[in-house]
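For the sequence shown, our numbering assigns the number 30 to the initial residue and increments by one for each residue that follows. The structure appears below as structure tokens.
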Amino acid sequence: MTPQVIESDGVRLRLFRDDDVADTAAGCADPLTQRFIPGMPDPYTEETARWWITEGAPAAWAGGGCAYVIADPATDRLLGGIGLSHVVPYRAQAEIGYWVAPWARSRGVASAATRALAGHAFATGTARLELLTHPENAASQRVALAAGFRHEGVRRSASPVRGGGWHDLIAWVRLADDPPGPAARLLPDLPDGRLTDGVVTLRRLGPDDVDAMYRLHTRPEVVANRVPPVAATTAAIERRCRRAESHWLAGGSADFAVLDAATGAVAGGCALVYDEPSTGQAMLGYSLLPEARGRGLATRTVGLLAGWALGVGLARLWAGTRPENVASQRVLEKVGFRREGLARGRLPGPDGTRVDSVVYGLLAADLPAAR
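Right, here's the structure in full:
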């Protein structure tokens, strides 16, 4: 039996009431809620809220799921909504979803409510809970991780886009026998949000970096080293910048903007791709805009990134360069990377050709000697 009230972790989950109409309408009409909750009516009015309270929420219960208000335990005011849907009894599976009103965000409300409802679901026979997030909804992905859900994969074109089309959903899953507490992350956040040596600064790539990254990744010499060697489109760069935090949270890659520490101007970009988590190996790549070259910034960038990566538990970094790219090879060697060999025809080249790659590797034990 699902109780009418669940009190846990500093939140109260209770049934919707008639006096929740105004707060429900205000929370669900918020632009952020509208953007990230599939199928949310637009416009969302008090009449819509009244329908949800009298018909929508009861239907969720009748269908084997549930629909709760997330309430402040001290005042009982609505802070958001949470529930279970898409129940599959023979799999003992359900999907958990939530929204948080603007006045309650950044307080851990969604994480606490998700832990509370998940705990009750597991205690009453559910074996598997799914939580699906929009690829650009990093805040919701952080909720999933904080509530112990693990990244499982991407559901391609799984959700309709208002106005036409489809977008992917990221699947996060928690099982009844998963260990308690937040899910472990392969790539933690940066200390204070950045790495710096006073000359260069690295921070997570973001939506404001589109113009600089487009300028960088359409440079002929940068395009020649892309895989494949084709200039990036504006749409691809926008998507990369908007989803950089999501990829980081999932543990796939850490994408950085490289800044001139003195001016704050974007000088280039670098990335760490966690290509082999089972062995603790990741690939490192970097490139600078023309005005930032020849000043030692690339060496500082690679040194900062390598030091952070090996310091948070990675065991091995590798990088590849074209045989003729002597400047990049010198950067790697200055940091402590060792040349390990030539991978013949490793990369796709122009017009169907294949290009060799000089492979360099760096272990944690190599860093002190390099410094």
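Idealized CB from N, CA, C, for every residue including glycine. Bear in mind that the values here come from a model prediction, so they are computed numbers and not experimental data.
- The beta carbons of Ser140 and Ala176 sit about 5 Å from each other, so the pair counts as a contact at 8 Å.
- Gly148 and Ala156 have their alpha carbons spaced roughly 11 Å apart.
- With fewer than 16 other CB atoms across the displayed protein chains lying within 10 angstroms of its CB, Ala344 is exposed.
- Of the residues Arg383, Gly381, Ala372, the one whose Cα lies closest to the Cα of Tyr389 is Ala372.
- The closest CA to that of Arg351, considering only Thr382, Arg64, Val387, is found on Val387.
- For Pro189, the enclosing beta strand (DSSP E) covers residues 179-189.
- The residue from Glu362, Val302, Val256, Trp90 with its alpha-carbon nearest to that of Ala273 is Val302.
- Three or more beta-carbon pairs separated by less than 8 Å are not found between the stretch 60-67 and the stretch 112-119, which leaves the two stretches without contact.
- Beta bridge pairing from DSSP links His196 with Ser188.
- Here DSSP, grouped into helix, strand and coil, assigns Tyr73 to coil.
- Taking 8 Å as the cut-off, the Cβ atoms of Tyr73 and Cys95 do not count as close.
- Taking the Cα of Asp207 as reference, the smallest distance to any Cα among Ala296, Ala55, Leu158, Arg255 is reached at Leu158.
- In the three-state reduction of the DSSP assignment, Ser307 falls in the coil class.
- Cβ neighbours of His276 within its own chain (closer than 7 Å, five residues either side excluded): Ser282, Asp284.
- Remark: C-beta atoms of Glu267 and Val239 approach each other more closely than 8 Å.
- The Cβ atoms of Asp59 and Pro131 sit closer than 8 Å to each other.
- DSSP places Asp240 in the helix class (H, G or I) of the three-state scheme.
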